[in-house]
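Report on the structure given below.
Right, dumping it as structure tokens:
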């Protein structure tokens, strides 16, 4: 009993300190997952904690469980609209990109570490995929809101490329253990089985879970648990059948997160919290598993290996995979840099240990060192690079609260709340047109000094008020423009980013040029701004895309179904 109490005390204190540390790391810009890894190492046998932990089987079990939960949450949080702009490039990066990265790093590992070719390729496969936990954590902890095309590509890629890395790792282990088999046949069979079963069971299981949850009558707190239990059951079933459980649970989460669902917001909030808990616990455990003193002998070779991965393999894979989609060079540079490695490579490095391969411990130490280097070098510079390349966009929503209303026939109706800052547009510029709400929005309550006002007419909001509205989610962007104060970053303020004027996407280029005395040389003057920008981009337009016409700059402000509805106009000399 005394040992049990001590374990609970140590685990709870470590978890509590980790959560508190997240506040400090967000201010310093440090990758939160790096902190958890270091804390785990400090608790280990080489650190002040002195805890000796070397249970590979338990680490493998817990690591797979945590990754399944993280991927499920990643699917829940990815809206279908992101697939319009990010699915094809992300699919290429998640398959061909992983393969290219694995081959380049694998061959370099064979040379750097003096390994046989297939053992080098195994090491390349282990570090071949970006890690969803690392990517999601860094982007969210630094409060980055990227252009939709970049964010969608990164999130879909990092959520869906783990199955490819798992497939390559397992296939290479089978090849190393079975000298008499045809390597090409082994890889083809393994790929078809894992991806086919993973995709089929994942989609079927996702729709089945939605159907089941929408027909269950139980306490509200049980719906999130039912979703998680169903997802994990699907993960285990698919894995037991020889398919990719990671692909299955990600696709199931994607389906559940984008279909009408009872208590959908509660389900998403619960899984967001449980996924963060899984990240913390997993990285603490993996930090415990490693012995820092054993990293020193492999450090020089591992550092060179990490350099090949970060500066050669990943950028080259991104360049090749994004070539057909004509991503702007700034976006390609950023995506190539944000190829963070995290828990997935460390968990995959446990596979050779479980298989009993001769150099398995060396693989684990090298991979762990590579993950540390990736989190330090790449993770610490994500925010700086995004701002330097000009890839940030103004935040889309600053809601204080958001509650989905389960009203029959009104599945998209929500209760949203704002706290009005002194510099909110509705308070600074009291023009009559600002008092007109979107057609689908209604004010339902106004709280001042913690008291509910009895009357809303006349509508005279003040700084510090809490304003609650019933609205369609489609109207949130427009409500933000009324009630959200400008961002603290001057370059992300509405006027600095989009310009002082707003034009309709249907406006004619000739009319615009005539108004500002510009000659149209290479374009049809009757062409609309929407058509002009889309033709120039040759890609799905997203908010923040820019087009320079002589001295004028057009900035995409609002997009719906690939049609540009609003365009910002920046005049010469504007900030």
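In full-length UniProt numbering, the protein residues as written are 1 to 575. Idealized CB from N, CA, C, for every residue including glycine. Just so it is clear, the structure is predicted and the values come from calculations on it, not from any experiment.
So for residue 85, helix, strand or coil by DSSP?
Residue state, collapsed to three classes: helix.
Would you kindly work out how many angstroms separate the C-alpha atoms of residue 47 and residue 41, rounded to a whole number?
Answer to the nearest angstrom: the Cα atoms are 6 Å apart.
Roughly how many whole angstroms lie between the Cα atoms of residue 372 and residue 3?
When rounded, the distance between both Cα atoms is 32 Å.
Given this structure, state the Cα-to-Cα distance separating residue 106 from residue 561, to the nearest angstrom.
Cα to Cα, residue 106 sits roughly 41 Å from residue 561.
Classify residue 92 as helix, strand or coil using the three-state DSSP reduction.
Of the three classes helix, strand and coil, the one that applies to residue 92 here is helix, per DSSP.
Tell me, which residues are paired with residue 504 by DSSP?
Its beta-bridge partners are 566.
In the DSSP assignment, find the unbroken beta strand (DSSP E) run with residue 549 in it and report its ends.
Residue 549 -> beta strand (DSSP E) spans 546-549.
Measure from the alpha carbon of residue 252 to the alpha carbon of each residue in 312, 524, 205, then state which is nearest.
Out of 312, 524, 205, 205 has the C-alpha closest to the C-alpha of residue 252.
Locate the alpha helix (DSSP H) running through residue 333, then write down its first and last residues.
Start and end: 329-337.
Along the alpha helix (DSSP H) that carries residue 151, what are the first and last residues, could you check?
First-last of the alpha helix (DSSP H) with residue 151: 148-160.
How should residue 576 be labelled, buried or exposed, when 16 other C-beta atoms within 10 angstroms of its C-beta is the threshold for buried?
Past the boundaries of the shown model lies residue 576; the chain is included only from 1 to 575, so the question cannot be answered.
Name the two residues that bound the continuous alpha helix (DSSP H) containing residue 495.
Taken as a continuous stretch (DSSP letters only), the alpha helix (DSSP H) holding residue 495 covers 494-498.
Which of the three DSSP states, helix, strand or coil, is assigned to residue 341?
Three-state result, residue 341: coil.
For the beta strand (DSSP E) containing residue 418, name the first residue and the last one.
It spans 414-419 - the beta strand (DSSP E) in which residue 418 sits, taken as one unbroken run.
What distance in whole Å lies between the Cβ atoms of residue 415 and residue 466, which are believed to be in contact at a cut-off of 8 Å?
With 8 Å as the limit, residue 466 and residue 415 do not qualify as a contact, their Cβ atoms being about 12 Å apart.
In angstroms with no decimal places, state the Cα-to-Cα distance between residue 410 and residue 210.
Its pLDDT being 47, under 50, residue 410 is placed unreliably in this model, and the value from its coordinates should be taken loosely. Rounded to whole angstroms, residue 410 to residue 210 spans 18 Å at the Cα level.
Can residue 318 and residue 544 be called in contact, C-beta distance under 8 Å?
Their beta carbons are not under 8 Å apart, which means residue 318 does not touch residue 544 by this criterion.
What three-state label does DSSP hand residue 516 in the structure shown?
It is coil, neither helix nor strand.
Should residue 98 and residue 128 be called a contact, given that it needs their Cβ atoms to be closer than 8 Å?
Yes, Cβ-Cβ distance for residue 98 and residue 128 is below 8 Å.
Grab the span of the alpha helix (DSSP H) containing residue 276 for me, first residue to last.
Note, residue 276: alpha helix (DSSP H), 264-289.
Return helix, strand or coil for residue 60, following the three-state DSSP convention.
DSSP places residue 60 in helix when its eight states are reduced to three.
Quick check on the DSSP output: the alpha helix (DSSP H) that includes residue 190 runs from which residue to which?
Its alpha helix (DSSP H) spans residues 183-213.
Which of the three DSSP states, helix, strand or coil, is assigned to residue 410?
Any reading at residue 410 needs caution, since the residue's pLDDT is 47, under 50, leaving its predicted position unreliable; the model's value is listed next. Note: residue 410 maps to coil in three-state DSSP.
With DSSP as the reference, identify every bridge partner of residue 558, one or two as the case may be.
BP columns for residue 558 point to 566.
Rank 446, 464, 147 by C-alpha distance to the C-alpha of residue 458 and give the top, closest one.
Ranking 446, 464, 147 by Cα distance to residue 458 puts 446 first.
Leaving aside the five residues before and after residue 346 along the sequence, list all residues of the same chain whose C-beta is less than 7 Å from its C-beta, in chain order.
Cβ within range, chain order: 286, 367, 368, 371.
So, at 6 Å on beta carbons, what are the nonlocal neighbours of residue 331 in its own chain, with the 5 sequence-adjacent residues on each side left out?
Hits under 6 Å: 150.
Please state whether DSSP places residue 543 in a helix, a strand or coil.
If DSSP states are grouped into helix, strand and coil, residue 543 belongs with coil.
Along the chain, where does the beta strand (DSSP E) that runs through residue 448 open and close?
442-448 is the span of the beta strand (DSSP E), which, as asked, contains residue 448.
Taking Cβ positions, are residue 498 and residue 568 nearer each other than 8 Å?
Contact flag set, yes.
To which residues does DSSP link residue 51 through a beta bridge?
BP columns for residue 51 point to 44.
Apply the 10 Å Cβ neighbour rule to residue 566 and answer buried if 16 or more other Cβ atoms are within range, or exposed otherwise.
Residue 566 comes out buried.
Within 10 Å of its beta-carbon, does residue 269 have 16 or more other beta-carbons around it, so buried, or fewer, so exposed?
Label assigned to residue 269: exposed.
Would you decide whether residue 214 is buried or exposed? Buried here means 16 or more other CB atoms lie within 10 Å of its CB.
Exposed, since its Cβ has fewer than 16 Cβ neighbours within 10 Å.
If you count every other CB in all the chains shown that lies within 10 Å of the CB of residue 182, and 16 or more means buried, which is it?
Exposed, since its Cβ has fewer than 16 Cβ neighbours within 10 Å.
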